[in-house]
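The structure appears below as structure tokens.
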Amino acid sequence: MRGRRRECEFTKLGIVPDYKDIKRLQKYITAQGKILPRRRTGVTAKMQRRLSVAIKRARHLALLPAAPQHTRN
695 MRGRRRECEF TKLGIVPDYK DIKRLQKYIT AQGKILPRRR TGVTAKMQRR
745 LSVAIKRARH LALLPAAPQH TRN
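Following our numbering, the numbering of the sequence shown begins with 695 at its first residue and continues without gaps.
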């Protein structure tokens, strides 16, 4: 039994992933800072590639953290 396929948010809204849209990019990153795979997010292959580039660009410009925050014990 499979669940419903998720629609690509970017295609549905007619937008392109942008490195300045931090709130939207954070939905596609795990708590460990890894980029979520297509099968979990439901984005198309083309948008996944663009999303990956946007996330990496935002990390490079320090708009997104490159690594998760560590806590001291």
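C-beta atoms are modelled at their ideal positions from N, C-alpha and C, and glycine is treated no differently.
| task | With a cut-off of 8 Å on the beta carbons, I'd call Y722 and T735 a contact; round off their distance for me. | result | The sequence position of residue 722 within the sequence shown is 28, counting from 1. The sequence position of residue 735 within the sequence shown is 41, counting from 1. Between T735 and Y722 the Cβ distance is about 6 Å, and since that is below 8 Å, they are a contact.
| message | Mapping the DSSP letters down to three states, classify I716 as helix, strand or coil. | response | Position 22 of the sequence shown holds residue 716. Helix.
| said: Excluding the 5 residues flanking R699 on each side, which residues of the same chain have their C-beta closer than 7 Å to its C-beta? | reply: On the sequence shown, residue 699 is found 5 positions in, with the first residue counted as 1. Cβ within range, chain order: G736.
| request: Please name the residue in Q742, D715, R732, K740 whose C-alpha comes closest to that of R753. | output: Here residue 753 refers to the residue found at position 59 when the sequence shown is read from its first residue. When each option's Cα is compared against that of R753, the closest is D715.
| said: With DSSP as the reference, identify every bridge partner of I729, one or two as the case may be. | reply: Here residue 729 refers to the residue found at position 35 of the sequence shown. According to DSSP, I729 bridges with I723.
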